[in-house]
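See below for the structure under consideration.
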Amino acid sequence: MNGPSHRLWMYRRIDTETGELRDEFINGVEAFDKFARSQQEFMVNNVYRCPCTKCKNTKYLTPDVVKLHLYRKGFVQNYWVWTSHGEVEPSHYEEGTSSDIGVHFNMEDPNFDDDDGSGYTHHHMETMVNDVFGWDNNTPVSGRNVQAENFYNMLESAQQPLFEGCST
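First residue of the sequence shown? That's 1 in the UniProt record's numbering, and the numbers climb one at a time after it.
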């Protein structure tokens, strides 16, 4: 499993010897919940996106239901940077270890893969739209923008396969 070492717990949910949830996973989910709740501009009516394998950051649920989903289903693949919950991706990627700015990946590493298995590599559509409209993740967000939320919900929906086995 490639990814930042401080987030490996996200994909180590079950202890293979006992069949129970790992303590590091439970503690990590609590830390995730605390972080997500602290990002008020990413919450809507006290709910936030559920990053479980079923919801894939497309459904807004209460924090308690999100935690339950994560305990039962785990995190969606490759959600190393919690962008749907207010975490900012590093503005540049370079080989190395994590720093105060964020996690760095070597994008030329053949093992680096942002494909969740659905056949679609994520983030390219967002990058294109952000380039066209000049969106800057470092720009402070003030207040709730329902129109922007609807747009980004529609953008995320467009990334979902139309039917089982759809590859384009």
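Idealized CB from N, CA, C, for every residue including glycine.
All values derive from a computational prediction rather than experimental measurement.
Starting from residue i, trace the alpha helix (DSSP H) both ways and give me its first and last residue.
i: F35; result: 23-38
i: F151; result: 146-158
i: V65; result: 63-73
Throw me the rounded Cβ distance for the residue i and residue j pair, which I believe falls under 8 Å.
i: residue 250; j: L61; result: No information on residue 250 is available, as it lies outside the stretch 1 to 168 that the chain covers here.
i: F25; j: W9; result: 6 Å
i: F32; j: G86; result: Incorrect: roughly 11 Å between the Cβ atoms, too far for contact.
i: P63; j: Y48; result: 7 Å
i: F75; j: C52; result: 7 Å
i: D15; j: R22; result: 5 Å
i: V44; j: E149; result: 7 Å
Could you pull the DSSP bridge partners for residue i from this structure?
i: Y11; result: DSSP lists no partner for Y11.
i: Y48; result: L61
Would you call residue i buried or exposed, if buried means 16 or more other Cβ atoms sit within 10 Å of its Cβ?
i: S5; result: exposed
i: S157; result: exposed
i: P110; result: Low confidence applies to P110: its pLDDT is 44, below 50, so where it sits in the model is not reliable, and the reading given next is rough at best. Classification of P110: exposed, given that the 10 Å Cβ count is below 16.
i: K67; result: buried
i: residue 174; result: Residue coverage of the chain in this structure runs from 1 to 168, which leaves residue 174 outside it and unanswerable.
i: R72; result: exposed
i: N106; result: Per-residue confidence for N106 stands at a pLDDT of 44, beneath the threshold of 50, marking its modelled position as unreliable; the derived number appears in the next sentence. It counts as exposed.
i: S38; result: exposed
i: K56; result: buried
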